[in-house]
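The block underneath contains the structure these notes are about, expressed in structure tokens.
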Amino acid sequence: MESKSSVILRAPGVSQNVQGTQPQGYSPPSLPFLQGTWHVTHSTLPMWRSKRNVKITYEALAPSTPDAAPGQTDRLDDVVSYQALDSDKVHTVHGVDKASGGIGTTDVWDWRGKGWLMIASSHWEVLGWADKGAGQDSWVVTYFAKTLFTPAGIDFYSRGKEGLSEQTVQDIKAALARVENEDVRRLSSEVFEVKMDQSAQGET
Numbered sequence: 001m002e003s004k005s006s007v008i009l010r011a012p013g014v015s016q017n018v019q020g021t022q023p024q025g026y027s028p029p030s031l032p033f034l035q036g037t038w039h040v041t042h043s044t045l046p047m048w049r050s051k052r053n054v055k056i057t058y059e060a061l062a063p064s065t066p067d068a069a070p071g072q073t074d075r076l077d078d079v080v081s082y083q084a085l086d087s088d089k090v091h092t093v094h095g096v097d098k099a100s101g102g103i104g105t106t107d108v109w110d111w112r113g114k115g116w117l118m119i120a121s122s123h124w125e126v127l128g129w130a131d132k133g134a135g136q137d138s139w140v141v142t143y144f145a146k147t148l149f150t151p152a153g154i155d156f157y158s159r160g161k162e163g164l165s166e167q168t169v170q171d172i173k174a175a176l177a178r179v180e181n182e183d184v185r186r187l188s189s190e191v192f193e194v195k196m197d198q199s200a201q202g203e204t
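First residue of the sequence shown: 1, per the UniProt record's numbering; consecutive thereafter.
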């Protein structure tokens with residue numbers, strides 16, 4: 001997904017299950033790669049400006065259809081945790097992601113909240129990713145469609161709690177500015193760093 005000199009990002013709505021032309025070199029992430037905990041290091045979403053230690057954990061759930069092949073699913077458990085800038089209390093938001101294109105889709109998802117958030121829903125997509133291996137600069141760039149409560153936005157995820165290297169961040173920003181989508185190009189200039197202080201949550 002990432003060459004030595006460039007980051008490859010696709011436009012929203014252009015995935016393996018949606019008509020359109022993908023950029024050369026793009027491929028969807030594997031389900032095992034998506035699973036686990038990711039740290040949100042950068043974003044354009046206003047709600048993260050007043051938060052810190054934002055993490056998202058994905059875990060495979062049983063598929064919605066009984067004829068899915070072993071190891072395949074179209075559902076992910078989705079848990080977001082974060083702290084306010086002035087508080088050590090950890091808040092969580094729990095939901096379920098369902099693959100928009102069914103079994104086999106790994107880069108286009110529809111989220112619905114659980115519990116009192118069941119009425120809330122959103123659509124998100126993976127625009128690009130890089131698997132650098134354990135202890136390296138692995139990342140995901142996600143796009144969130146506009147909802148009644150939030151504007152469209154972009155998040156950068158880092159597998160490691162130390163965050164992404166400055167070079168990787170700059171490469172991703174430059175790639176966003178080249179995406180063939182006006183909203184994404186506009187958002188590329190609105191990216192800000194999300195505060196991370198993992199000692200507050202006792203993370204390793």
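Just so you know, even glycine gets a beta-carbon here, dropped at the ideal spot from N, CA and C.
- In this structure, the beta-carbon distance from Val141 to Ile172 falls below 9 Å.
- With respect to Ala177, Ser189 sits close: the two C-beta atoms are nearer than 9 Å.
- Bounds of the beta strand (DSSP E) holding Lys51 are Lys51 to Ala60.
- For Pro12, the closest C-alpha among the options Ala69, Thr44, Asp183 and Gln167 is that of Asp183.
- The Cβ atoms of Pro29 and Thr150 do not sit closer than 9 Å to each other.
- Arg186 has no beta-bridge partner at all, per DSSP.
- One Cα belongs to Val7, the other to Ser87, and the distance between them is close to 36 Å.
- Around the Cβ of Ser165, a 10 Å sphere holds fewer than 16 other Cβ atoms; the residue is exposed.
- In this structure, Val79 sits near Glu59, with a CB-CB distance shorter than 9 Å.
- For Val93, the enclosing beta strand (DSSP E) starts and ends at Val90 to Ala99.
- Spanning the alpha carbons of Asp97 and Asp137 requires a straight line of approximately 25 Å.
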